[in-house]
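**Student:**
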Amino acid sequence: MNTNNLKVGMITLYFYPDKASTANLLTDLAVGLKEKGCDVKVYTGYPSYWDTKSKASKKENYNGVDICRVFNTQFDSRKKFGMICNGITFFISVFWKLLLSKDDRIFLIATTPPFLPYIGYILKKLKRRDYIIIVYDIHPDITIKIGYMKDGILAKIWDKTYSWVYENSIRIIVLGQCMAEVIKGKIKKENHPKIKVIQNWEDENFIVPLNKRENWFSKKHNLIDEFVVLYSGNMGQHHNLEPILGAAEYLKNEKIKFLFIGEGIQKEKLVKKTKNMNLDNVKFLPFQPKENLPYTMTCGDVIVVSQERGTEGLCVSCKLYTAMAAGRPILAIIGENSEIARVVKEYNCGIVVNNGNAQGIVKALLKLQKDKRLCAVMGENARRAFEDNFTKNHAINKYYEVIKNLFLD
């Protein structure tokens, strides 16, 4: 089969040069599919994340991928208002662009922002265009869990209409089996075969294990001689981070440093609480340039991956795979039945602590700090499991097979 006949479109607010994890993942996916011979075109907006607001071109080609940008506001995405306004303006702009377009590709549409997949449903009904939905977060469930919405009549309408979006798609990509089970409960049984599990990933050649003593970032920030507990990435609403500060307070006389790198809705609150608690063992740094990521991810001795209580099965943090690529043990602050807990336990690459259990966090960190051999073994297990299951090439091959089989049907 000539792969140049595989015409794939992508609809996403977040894409290169944005720095959000969604932007990085979808950029990897678009470029990866192009490298396999697919004809890929991305419909996206203008950057709105932190230091990427510089004016991007309306049309450009990035590593062989054609990019078409439409209007959207560029308010600060760390704020709820900015996130919502940017999403709504992008939705309206890209909807009209595609409604008037003759582009007949199969479209990949992610659930960020959450109402974006409705475009696929409407275009399917009006123009018979097929779409694949990539479910990063299950709505409205997660919106309710994090307190953005009440479980009332509007939520029920949203839930019902979203089931139509799922059922009219040609494939539903989810990030873990726990998410697949939730989706199955929302659609008719005959649509269950549409669901495919493809985990997120990290670039196996970009993030590699590195000794702290050989790491310039560790030297610059005086992290060499301390046991560093690292949280890196978006400090979003569904990341359960406050218990880490509780653990830091208990451990403030130990030689343990807590390092938060990134931005997000929760950051201001966490910084304020740290000051109020006089926690000298907690440090915050802003998002770092992407080229620094191989060094920031390996400056820690243990890496925290956390989700808010009740969000298990509704999302899977991509931080897990970056942490595993770095060859560090994982401290998973999450429910026992989540995808992340399953991976950490199955591959013996870290410790799982139930949400909100600050004493459990303390116990886990002291165990890893005092047992360097255990720390090293868990880190080695993490990298090995990553290379076997969660690399970028592994995931893109799965996406390619899904798309290729659709064209063969």
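Be aware that the sequence shown starts at 191, since it is given in the working numbering, and climbs by one per residue. Virtual Cβ for every residue (Gly too), placed ideally from N, Cα, C. From a predicted model like this one, the values you see are computed outputs, not experimental measurements.
1. With which residues is L420 paired in a DSSP beta bridge?
2. Put R499 into one of helix, strand or coil per three-state DSSP.
3. Taking its Cβ as the centre, do 16 or more other Cβ atoms sit within 10 Å of H329, making it buried, or is it exposed?
4. Does the beta-carbon distance from G310 to Y321 come in below 9 angstroms?
5. So for I455, helix, strand or coil by DSSP?
6. Below 8 angstroms on the Cβ atoms is my guess for L483 versus I397; work out the distance and round it to an integer in Å.
7. So, helix, strand or coil for K379, using DSSP?
8. Can you give me the Cβ contacts of I363 inside the same chain, cut-off strictly under 6 angstroms, excluding the 5 residues immediately before and after it?
9. Given that a residue counts as buried once 16 or more other Cβ atoms are within 10 Å of its Cβ, and exposed if not, what is F417?
10. Take V472 as the anchor and find which of F448, T581 and I360 has the nearest alpha-carbon.
11. What are the start and end residues of each continuous beta strand (DSSP E) run of 3 or more residues lying completely inside the segment 337-379, in chain order?
12. Tell me which same chain residues have a C-beta within less than 6 angstroms of the C-beta of D331, skipping the five on either side of it?
13. If you draw a straight line from the C-alpha of T581 to the C-alpha of C508, how long is it?
14. Could you spell out where the beta strand (DSSP E) holding T199 opens and where it closes?
15. On the three-state DSSP scale, how would you describe T242?
16. Can you tell me the Cα-Cα spacing of T501 and P304, whole angstroms?
17. Keeping to the same chain, check which residues put their C-beta closer than 7 angstroms to that of I201; ignore five residues upstream and five downstream.
18. So N434 and V494 are in contact, right, with Cβ under 8 angstroms, and what is the actual spacing, rounded?
19. Report all residues from its chain with a CB closer than 8 angstroms to the CB of Y511; omit the five preceding and five following residues, and keep chain order.
20. Roughly how many whole angstroms lie between the Cα atoms of E570 and I524?
**Tutor:** Considering the structure as presented:
1. The partner list for L420 (beta bridge, DSSP) reads L449 and I493.
2. Shown here, R499 sits in coil according to DSSP, grouped into three states, outside any helix or strand.
3. Counting the other Cβ atoms within 10 Å of the Cβ of H329 gives 16 or more, which makes it buried.
4. It is a contact, given that the beta carbons lie within the stated cut-off.
5. In the structure shown, I455 sits in coil (DSSP, three-state: anything other than H, G, I, E or B).
6. Contact annotation, L483 with I397: C-beta distance approximately 7 angstroms; criterion of less than 8 angstroms satisfied.
7. DSSP places K379 in helix when its eight states are reduced to three.
8. Contacts found: I324, K386 and I388.
9. With 16 or more other CB atoms across the displayed protein chains lying within 10 angstroms of its CB, F417 is buried.
10. Of the listed residues, the one whose Cα sits closest to V472 is F448.
11. List check, beta strand (DSSP E) in window: 361-364.
12. Non-local C-beta neighbours of D331 in its own chain, meaning closer than 6 angstroms and more than five positions away in sequence, comprise L504, ordered along the chain.
13. Each residue's Cα considered, the two are about 12 angstroms apart.
14. According to the sequence displayed, residue 199 carries Gly and not Thr. Annotation for G199: the continuous beta strand (DSSP E) segment containing it runs K197 to I201.
15. Its pLDDT being 49, under 50, T242 is placed unreliably in this model, and the coordinates cannot settle the point.
16. Cα to Cα, the separation comes out at about 16 angstroms.
17. These residues qualify, in order along the chain: Y233, V284, F297, I299, L306 and I309.
18. Checking the displayed sequence, the identity of residue 434 turns out to be Ile instead of Asn. The C-beta distance from I434 to V494 rounds to 6 angstroms, short enough to meet the 8 angstroms contact threshold.
19. Annotation for Y511: Q389, N390, W391, E392, F576 and F580 place their beta carbon closer than 8 angstroms to its own, counting only its chain and skipping 5 residues before and after.
20. Distance from the CA atom of E570 to the CA atom of I524, rounded to whole angstroms, is 22 angstroms.
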